[in-house]
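This note's numbering puts the first residue of the sequence shown at 330, with every later residue one more than the last. Using N, Cα and C, we set each Cβ at its ideal position, and we do this for glycine too. Here's the structure we're looking at; comments come further down.
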Amino acid sequence: MPNGRWLPPTIVTQDSFIIIAIDGGAAAGKSSTSRGLSKRFGLMHVDTGSYYRATTLKLIESGVSPERGSDLEAGLAALKLGTEIHGNQATITINDWLPDNSIRSQLVNDQVSHFAALPELRSYLLDYQRSQADVARKNGFNGLVMEGRDIGSVIFPDADLRLFLHADPEKRAERRAKEGIQDSIQKRDKIDSTRKTAPFQCPIGATFLDTSELDLQEVIDKASDFVRETLSE
Ligand code: CDP
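Dropping the structure here:
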């Protein structure tokens with residue numbers, strides 16, 4: 330065997346289209362893990378946090394505040410959603426705008442959980458999120474890996490694999506600081522987990538993975554083991 334880790338070839342076929350739901354708190358490693366799995370297993374990767382971030386920014390720009398429900402309806406009616414695929418990543422477009430780094434600004438970090446708590450916004454995004462499974466099928470992917478806060482509980486409760494990534498708050502704060510991002514992750518977690526609609530929680534029956542003491546490669550390897558187990562069931 331050559332130096333380095335041996336990885337079995339991708340074993341998924343078109344017949345076994347799989348849906349993987351990954352939930353977890355801010356900076357728990359969802360995006361990196363989902364990206365890693367998408368490449369390893371030929372899946373389409375969807376980051377639903379970016380949906381909430383992008384709609385938050387667009388709604389703020391059109392003068393909507395999370396406290397005033399009346400403007401919200403008109404604000405949402407003015408949004409036309411689309412999807413662009415780049416490599417394994419499917420990205421939302423809003424009125425033909427492809428979200429950029431502005432959705433990771435401090436303004437959005439501060440506001441997104443307040444918007445994400447609005448039932449109207451959540452139900453507005455629900456069908457769009459579910460429709461991404463068909464987008465993945467039509468574009469020849471072996472499956473879909475979707476990350477967020479309510480994927481295993483609300484969006485795809487019947488997903489083939491539901492993973493919940495946990496990491497200690499101190500570790501998560503450390504990770505964000507290393508990325509040079511100012512983010513109130515504990516505040517967001519609190520708002521997300523105490524909201525009435527689709528609260529952030531570990532779904533019953535989901536596979537719980539504590540990533541506090543693991544590096545990224547170890548997390549992707551462990552998650553890959555769960556995917557292989559799912560495929561062999
Ligand atoms: O990357 P990070 O984990 O910090 O957050 P994110 O995944 O980009 O999500 C940003 C925010 O969107 C979260 O704090 C939630 O308020 C909201 N969100 C949600 O409510 N439901 C989802 N499925 C995904 C994100």
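Item, Value
"Anyone know if the C-beta pair for residue 514 and residue 406 falls short of 7 Å?", "no"
"Could you tell me if residue 517 is buried or exposed, where buried requires 16 or more neighbouring beta carbons within 10 angstroms of its beta carbon?", "buried"
"So which of 447, 372 and 361 has the shortest CA-CA distance to residue 396?", "447"
"Can you give me the C-alpha to C-alpha distance between residue 459 and residue 544, rounded to a whole angstrom?", "31 Å"
"I need the straight-line Cα distance from residue 482 to residue 532, nearest angstrom please.", "5 Å"
"Taking 6 Å as the cut-off, does the CB of residue 365 come closer than this to any heavy atom belonging to ligand 1?", "no"
"At a threshold of 6 Å, does residue 534 count as lining ligand 1 (C-beta to nearest heavy atom)?", "no"
"Could you check if residue 476 is buried or exposed, using at least 16 other CB atoms within 10 Å of its CB as the buried criterion?", "buried"
"Cβ-heavy atom distance between residue 453 and ligand 1 below 6 Å?", "no"
"Look at the alpha carbon of residue 363 and the alpha carbon of residue 393, and state the distance between them as a whole number of angstroms.", "32 Å"
"Between which two residues does the alpha helix (DSSP H) carrying residue 473 extend?", "Taken as a continuous stretch (DSSP letters only), residue 473 belongs to no alpha helix (DSSP H), being part of the beta strand (DSSP E) at 472-477."
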